[in-house]
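Just so you know, we're using the numbering used here here: the sequence shown kicks off at 27 and counts up by one.
All C-beta atoms, glycine included, are put in the ideal place defined by N, C-alpha and C.
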Amino acid sequence: MSLEQVGEPVRGAFVAANAAEALVDAGIYNVMVGQKAAGFVGQSKPYLEADFAVEDKQIQRAVDALTHFQIQIRNMHQLRLHRPNGRPQFSDRHHIPAAHFHHNGIALSLHLRSVAMPWLTEGGFAAGHGLTTSTEPQLPPPTGGPEPDCQGPTGPWTNLYPIRIQNPVAFTEGALYMLALHMDKDLSNSNYLRHLYEDILLSYRPEYYRTLQPKFEWAWQYINDYRRPGGHDRYAPLLRLREHMIIHGELPSDLPRWDHSGVPGYALVDSGWDYYTTSKLPKVGAPKEV
27 MSLEQVGEPV
37 RGAFVAANAA
47 EALVDAGIYN
57 VMVGQKAAGF
67 VGQSKPYLEA
77 DFAVEDKQIQ
87 RAVDALTHFQ
97 IQIRNMHQLR
107 LHRPNGRPQF
117 SDRHHIPAAH
127 FHHNGIALSL
137 HLRSVAMPWL
147 TEGGFAAGHG
157 LTTSTEPQLP
167 PPTGGPEPDC
177 QGPTGPWTNL
187 YPIRIQNPVA
197 FTEGALYMLA
207 LHMDKDLSNS
217 NYLRHLYEDI
227 LLSYRPEYYR
237 TLQPKFEWAW
247 QYINDYRRPG
257 GHDRYAPLLR
267 LREHMIIHGE
277 LPSDLPRWDH
287 SGVPGYALVD
297 SGWDYYTTSK
307 LPKVGAPKEV
C-alpha cells in the first residue's frame with residue numbers, strides 16, 4: 027500500500043516514516059523525539075517538524091543516508107551543533123539540531139543523542155530502554171481536543187513504517203529530567219521546550235494516565251495540580267527532584283545549587299522526600315531504563 031493510499035494521521039507523518047525507514051536501512055539506530063513524538067502521549071498539534079535522535083558518532087552517516095534518500099539539505103553550516111558556554115541551545119520546541127533538512131514543507135532535524143536524550147548512555151540508547159514504536163496498539167487512542175489546532179493523541183500510526191519512540195512513561199520521565207537539567211533559578215525563565223511540556227500535561231481521559239517512578243511522580247502530580255496542597259508551589263517537588271539527581275550523580279555535578287527555603291511547600295516536600303521516593307519502588311536510575 028502506497029503512502030498516497032493511506033490517510034496521514036498528522037501532517038508530517040509521511041516524512042517522518044520515510045526518514046526513519048531510510049535511517050534504519052542505512053543501519054543507523056534512531057528514535058523520534060520532540061513534538062511529533064509528544065503527539066503519541068499528549069496533545070498532537072500541527073507543528074510542521076519531525077525530529078530524530080541518533081548516536082553522536084553516527085550523525086554524519088545519518089546526514090549521508092537522508093541526503094542519499096533525496097532529501098534537500100538546507101544550511102550546511104548547521105551540521106555543527108552550536109554549544110555556547112558549553113551548553114546546548116534550544117528553542118521552546120526543540121534543541122538546535124545537528125543537521126536540518128526540509129522536505130515537502132516539513133522541517134526534518136537530526137539531534138545528537140547526548141543532547142536530546144542525555145540520561146541514556148550509548149549502550150542504553152542502542153538497547154532500546156523505554157521504547158516502543160509508532161504502530162503499537164497500546165498507545166493512547168486518538169481523540170479530539172477542544173480546539174481545531176489542539177487535538178488529543180494521534181493514536182498509533184498503524185499503516186506507516188514503525189518508528190521508534192519513547193513509551194508514555196519514558197517520554198514523561200525524560201521530559202521531567204530535561205526540565206530539571208535546564209531549570210533556571212527564576213522559574214519564570216525556565217522555558218525549556220515550553221510547548222513540549224504543555225503538550226504532555228495529563229489529558230482528560232484515564233487511558234492517558236501513566237505511573238512514573240516515585241521521584242518523578244511527585245513532581246508530575248504537582249505540575250498537573252493533582253494532590254497539591256493549597257499554597258504549595260507547583261514546582262516544589264521538581265526542585266527537590268533536581269537536588270536528588272545532582273546528589274546521586276544523575277545530573278551533572280557542576281549544576282548550580284540553590285537555596286529553596288523560600289519556595290512555598292518545599293520544606294514539606296523535602297522532609298518527606300526519602301520516604302516517598304523509596305517506599306513504593308526500589309531506587310533506580312533516572313529516567314527508568316526498562
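{"Check": "Quick one: using the 10 Å Cβ neighbour count with 16 as the cut-off for buried, is G53 buried or exposed?", "Outcome": "exposed"}
{"Check": "Of all the options E224, L165 and Q84, which has the alpha carbon lying nearest to the alpha carbon of R139?", "Outcome": "Q84"}
{"Check": "Which of the three DSSP states, helix, strand or coil, is assigned to Q98?", "Outcome": "Because the pLDDT of Q98 is 49, which lies under 50, any placement of that residue in the model is unreliable, and the question is left without a value."}
{"Check": "Can you tell me whether D259 is helix, strand or coil according to DSSP?", "Outcome": "coil"}
{"Check": "Using a Cβ-Cβ cut-off of 6 Å (strictly less than) and excluding sequence neighbours within five positions of D225, which residues of its own chain qualify?", "Outcome": "A64, G68 and Q69"}
{"Check": "Classify I189 as buried or exposed, calling it buried when 16 or more other Cβ atoms lie within 10 Å of its own Cβ.", "Outcome": "buried"}
{"Check": "What residues in its chain sit with their C-beta under 7 Å from that of P182, if we drop five residues either side in the sequence?", "Outcome": "S160, T161, E162, P163 and L165"}
{"Check": "List the endpoints of the continuous alpha helix (DSSP H) containing E75.", "Outcome": "Looking at the DSSP string, E75 is not in any alpha helix (DSSP H); the run it does join, the beta strand (DSSP E), is E75 to V80."}
{"Check": "Helix, strand or coil for N56, going by three-state DSSP, please let me know.", "Outcome": "strand"}
{"Check": "Taking just the CA atoms, how far does L294 sit from E276?", "Outcome": "23 Å"}
{"Check": "Which first and last residues belong to the alpha helix (DSSP H) in which S279 is found?", "Outcome": "Per DSSP, S279 belongs to no alpha helix (DSSP H) and is neither H nor E."}
{"Check": "Pop quiz: I122 and T158 are said to be a contact at Cβ under 8 Å. What is the actual Cβ separation, rounded to whole angstroms?", "Outcome": "So it is not a contact: roughly 27 Å between Cβ atoms."}
{"Check": "Looking at the secondary structure, which residues open and close the alpha helix (DSSP H) in which F127 lies?", "Outcome": "F127 -> not in any alpha helix (DSSP H); beta strand (DSSP E) instead, spanning A125 to H129."}
{"Check": "Give me, in chain order, the residues of the same chain whose beta-carbon lies closer than 6 Å to that of T169; leave out the 5 immediate sequence neighbours on both sides.", "Outcome": "G178"}
{"Check": "Would you grab the beta carbon distance between I272 and R283 for me? Rounded to a whole angstrom, and I think it's under 8 Å.", "Outcome": "7 Å"}
{"Check": "What's the C-alpha gap between G256 and G156?", "Outcome": "34 Å"}
{"Check": "So Q192 is in the beta strand (DSSP E); what residue range does that whole segment cover?", "Outcome": "R190 to Q192"}
{"Check": "If you compare alpha carbons, which of T198, D259, I249 and R260 is closest to R236?", "Outcome": "T198"}
{"Check": "Which residues share a DSSP beta bridge with L134?", "Outcome": "A76 and F127"}
{"Check": "Determine, using beta carbons only, whether P270 and W299 come nearer to each other than 8 Å.", "Outcome": "As written in the sequence, residue 270 is His, which differs from the Pro given in the question. For H270 and W299, yes; Cβs fall inside 8 Å."}
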